[in-house]
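Working notes for the structure below.
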Amino acid sequence: LGIEPRESWTVVRRHRKWLVAYGLASTIYRWILVAGILFVIYRTLEPYQLQSIAQVFGIFVLGGMLVAPLWQMVRMVAEPHAGRRGRGWRAASVGIAIVGGVVLLGMLPVSRHVTAPVLIEPADATRVPVTVPGRLAQTASIGQTVAEGDVIARLTNAELERELAELRGERDIQGLYVEQLHKLQVVERGSANGGAGSQLVTAQEALAATERRLDQRLQEYARLTLTAQRPGIVMPDRPRRPLRSKDQLSTWSGTPLDPGNLGSHLDTDTIVCLIGDPSNLKGIAFVHQSDIERIAIGQSVQILVDALQNQIIIGTVKELAQVEVIEVPPELLAKQLLPSDMPTNSTAYYAINIGLR
8 LGIEPRESWT
18 VVRRHRKWLV
28 AYGLASTIYR
38 WILVAGILFV
48 IYRTLEPYQL
58 QSIAQVFGIF
68 VLGGMLVAPL
78 WQMVRMVAEP
88 HAGRRGRGWR
98 AASVGIAIVG
108 GVVLLGMLPV
118 SRHVTAPVLI
128 EPADATRVPV
138 TVPGRLAQTA
148 SIGQTVAEGD
158 VIARLTNAEL
168 ERELAELRGE
178 RDIQGLYVEQ
188 LHKLQVVERG
198 SANGGAGSQL
208 VTAQEALAAT
218 ERRLDQRLQE
228 YARLTLTAQR
238 PGIVMPDRPR
248 RPLRSKDQLS
258 TWSGTPLDPG
268 NLGSHLDTDT
278 IVCLIGDPSN
288 LKGIAFVHQS
298 DIERIAIGQS
308 VQILVDALQN
318 QIIIGTVKEL
328 AQVEVIEVPP
338 ELLAKQLLPS
348 DMPTNSTAYY
358 AINIGLR
């Protein structure tokens with residue numbers, strides 16, 4: 008470009024302060040930019056439990072950024088052209104800078120918190136389970152106030168009703184047969200024939216067995232009517248995701264209290280609803296197996312709820328789970344707060360009960 012090469016460039020004295028300010032500003036901007044990029048990478052890998060990759064990457068990047076200025080400081084101190092006095096001042100300046108950097112690094116807060124998805128649900132709520140399978144015919148509504156003994160849901164079971172009808176018919180027939188044998192035994196008392204007596208014992212045993220079976224089925228039929236075991240408010244349980252596959256028909260989804268699920272078949276142990284106080288809540292955190300050792304009872308917890316923007320709920324760790332989580336909350340999977348392949352992979356999560364203040 009027509010510019011003669013020069014061994015060194017001199018800067019006018021009045022422009023030096025602007026050059027120094029520019030150098031400091033560019034250095035600060037570079038560090039802020041790199042820190043932002045590393046933060047984004049860390050947050051991106053965090054849901055997949057790959058934070059270690061981001062940490063190793065950050066160590067290499069930050070190490071590379073520190074090598075060059077440290078090497079320049081070493082060269083500046085050891086520069087042979089500077090006198091002893093100049094080298095002494097430079098060594099002192101470099102020492103002060105290093106000590107100041109170490110102090111600043113020591114003052115930086117080291118994050119030792121554990122981040123985990125949290126599910127908030129009613130505390131001390133009573134679950135209303137299905138004990139006899141059947142089709143849902145009637146349910147209470149969400150938010151309804153119930154007393155102990157009130158009907159929560161009614162189910163129907165056609166097979167059980169058919170079996171009850173057969174047992175009632177069998178009992179009636181056997182009862183008539185026993186009655187006839189009683190009459191026949193009275194007639195045969197004056198004769199030598201005692202056949203009716205032996206048949207009567209057998210018939211009575213058969214009638215008693217049928218009545219026991221009938222009583223058992225009647226108890227099962229009574230359990231098709233689900234009642235409240237305590238007073239409180241009717242609340243929905245965790246929603247259920249629809250199960251669809253090539254080999255199975257689609258089943259009900261959501262909660263049994265949804266109007267669209269009337270007539271659906273409910274299997275045994277299906278939770279119809281919860282009964283309790285909706286103002287008494289607790290949190291359940293699902294902690295990765297690598298972080299469970301850092302959790303202790305009594306630790307303070309901060310919960311950021313999606314529905315409450317910029318509002319933090321404070322809680323305390325109340326109980327640590329001793330076994331792995333088997334049932335995965337579908338709402339956490341839907342929001343990608345847990346890995347989508349969690350039910351099938353070998354990664355373990357533990358449930359932590361959190362009491363809310």
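So for the sequence shown, the working numbering puts the first residue at 8; every next one is plus one.
Think of the CB as a built atom: it goes at the ideal place given N, C-alpha and C, for glycine as much as any other residue.
No experiment lies behind these values; they were computed from the predicted model shown.
Do you know whose CA, among Leu188, Ile302, Val312, Trp78, lies nearest Leu363's CA?
As a working note, residue 363 is residue 356 in the sequence shown. Of the candidates Leu188, Ile302, Val312, Trp78, the one whose C-alpha sits nearest the C-alpha of Leu363 is Val312.
Determine the direct distance from the alpha carbon of Tyr29 to that of Tyr36, and round the result to whole angstroms.
As a first step, residue 36 must be located in the sequence shown, where it is residue number 29. As a first step, residue 29 must be located in the sequence shown, where it is residue number 22. Computed Cα separation, rounded: 10 Å.
Collapsed DSSP secondary structure at Ala328 in the structure displayed:
Here residue 328 refers to the residue found at position 321 of the sequence shown. Note: Ala328 maps to strand in three-state DSSP.
Could you check what DSSP says for Leu115 in three-state terms: helix, strand or coil?
Working through the sequence shown from its first residue, we reach residue 115 at position 108. The predicted position of Leu115 is uncertain, since its pLDDT is 49 and thus under 50; a value taken from the coordinates is nonetheless stated next. Coil.
Limits of the beta strand (DSSP E) - the one that Ala160 falls within:
The residue given as residue 160 occupies position 153 in the sequence shown. Under the DSSP assignment, Ala160 falls in the beta strand (DSSP E) whose first and last residues are 158-163.
In terms of residue numbering, what span does the alpha helix (DSSP H) encompassing Glu338 cover?
Along the sequence shown, read from residue 1 onward, the residue named residue 338 stands at position 331. Run containing Glu338: 337-341, per the alpha helix (DSSP H) assignment.
Is the region 240-247 close to the region 137-155, with three or more CB pairs under 8 Å?
Between the region 240-247 and the region 137-155 there are three or more inter-stretch CB-CB distances shorter than 8 Å, so the stretches are counted as touching.
Under 9 Å between the Cβ atoms of Tyr228 and Glu326?
Sequence index remark: in the sequence shown, residue 228 carries index 221 (1-based). Sequence index remark: in the sequence shown, residue 326 carries index 319 (1-based). Contact: no.
How is Leu345 classed by DSSP in three states: helix, strand or coil?
As a working note, residue 345 is residue 338 in the sequence shown. DSSP places Leu345 in coil when its eight states are reduced to three.
Is the beta carbon of Thr133 closer than 9 Å to that of Leu231?
Looking up residue 231 in the sequence shown gives position 224. Looking up residue 133 in the sequence shown gives position 126. Going by C-beta atoms, Leu231 is not nearer than 9 Å to Thr133.
If you run the structure through DSSP and keep just helix, strand and coil, what is Leu171?
As a position in the sequence shown, residue 171 is number 164, starting the count at 1. DSSP places Leu171 in the helix class (H, G or I) of the three-state scheme.
Nearest-angstrom Cα separation, counted from Lys342 out to Ala213
For the purposes of this step, residue 213 is taken as the residue at position 206 of the sequence shown. For the purposes of this step, residue 342 is taken as the residue at position 335 of the sequence shown. For Ala213 and Lys342, the distance between alpha carbons rounds to 60 Å.
Below 9 Å between beta carbons: does that hold for Phe293 and Val125?
Mapped onto the sequence shown, residue 293 falls at position 286. Mapped onto the sequence shown, residue 125 falls at position 118. Less than 9 Å separates the beta-carbon of Phe293 from that of Val125.
Considering only C-alpha positions, which residue in the set Pro76, Arg142, Tyr49, Ala75 is nearest to Val63?
Here residue 63 refers to the residue found at position 56 when the sequence shown is read from its first residue. In this structure, Tyr49 is the residue among Pro76, Arg142, Tyr49, Ala75 with its C-alpha nearest to the C-alpha of Val63.
Identify, in the order they occur along the chain, each residue of the same chain with its Cβ nearer than 8 Å to the Cβ of Leu225, setting aside the five sequence neighbours on each side.
Working through the sequence shown from its first residue, we reach residue 225 at position 218. For Leu225, where only same-chain residues beyond five positions count, the Cβ hits under 8 Å are Leu171.
Thr209 by DSSP, collapsed to three states: which one?
The count along the sequence shown starts at 1 and reaches residue 209 at position 202. In the three-state reduction of the DSSP assignment, Thr209 falls in the helix class.
For the ligand NAP, is there any heavy atom lying closer than 8 Å to the beta carbon of Val41?
No copy of the ligand NAP occurs in the structure displayed, which carries no ligand at all.
If I measure Cβ to Cβ from Met72 and keep anything under 8 Å in the same chain, skipping five residues before and after, which residues do I get?
Indexing the sequence shown from 1 puts residue 72 at position 65. Cβ neighbours of Met72 beyond the five flanking positions: Arg37, Trp38, Val41.
Could you spell out where the beta strand (DSSP E) holding Ala303 opens and where it closes?
Within the sequence shown, the letter at position 296 stands for residue 303. Here Ala303 belongs to no beta strand (DSSP E), and DSSP marks it neither H nor E.
Asp222 vs Val279 beta-carbon contact at 9 Å
One-based indexing of the sequence shown puts residue 222 at position 215. One-based indexing of the sequence shown puts residue 279 at position 272. Result no, Cβ atoms of Asp222 and Val279 do not sit closer than 9 Å.
Is the beta carbon of Pro246 sitting closer than 9 Å to the one on Thr234?
Residue mapping note: residue 246 aligns to position 239 of the sequence shown, counting from 1. Residue mapping note: residue 234 aligns to position 227 of the sequence shown, counting from 1. Contact: no.
Residue range of the beta strand (DSSP E) that Pro134 falls in?
Here the question's residue 134 lines up with position 127 in the sequence shown. Here the sequence assigns Arg to residue 134, which means Pro is not the residue at that position. Where Arg134 is concerned, the enclosing beta strand (DSSP E) starts and stops at 133-136.
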